[in-house]
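Each remark here refers to the structure printed beneath this line.
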């Protein structure tokens with residue numbers, strides 16, 4: 092179940108788009124008319140269409156997760172090399188920023 096704390100919550104859900112909307116989204120991402128004609132031909136097969144829709148959803152989530160990992164790795168490395176933080180957060184700071192709720196409290 093997706094919640095507002097789910098990092099992929101705001102990503103588009105391709106399963107909720109109509110078939111026409113999803114097809115148009117794919118067609119706008121192709122570069123040439125030849126590619127579009129071939130894509131339309133392939134998308135007319137229902138089982139392939141469903142597979143492409145599911146694959147697109149998974150790839151979108153994967154790429155978003157990779158981007159988020161790269162971003163947090165960069166911030167962590169920057170913080171550690173510049174001495175901005177030491178890797179630990181005080182309980183007071185964690186409570187003030189709802190970190191215990193979002194990331195869980197250690198026992």
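Residue numbers (our numbering): 92 to 198. Where a beta carbon is used, it is the ideal one built from N, C-alpha and C, also for glycine.
Backbone CA spacing between residue i and residue j [nearest angstrom]
i	j	result
residue 102	residue 114	18 Å
residue 128	residue 99	32 Å
residue 165	residue 130	38 Å
residue 138	residue 149	17 Å
residue 179	residue 124	54 Å
Under 8 Å between C-beta atoms of residue i and residue j
i	j	result
residue 134	residue 140	yes
residue 108	residue 116	yes
Residue i - containing alpha helix (DSSP H), residue span
i	result
residue 150	137-173
residue 182	182-187
residue 117	110-120
residue 130	124-134
Near the ligand GTP: residue i beta-carbon under 7 Å from a heavy atom
i	result
residue 147	This structure lacks the ligand GTP, and indeed carries no ligand of any kind.
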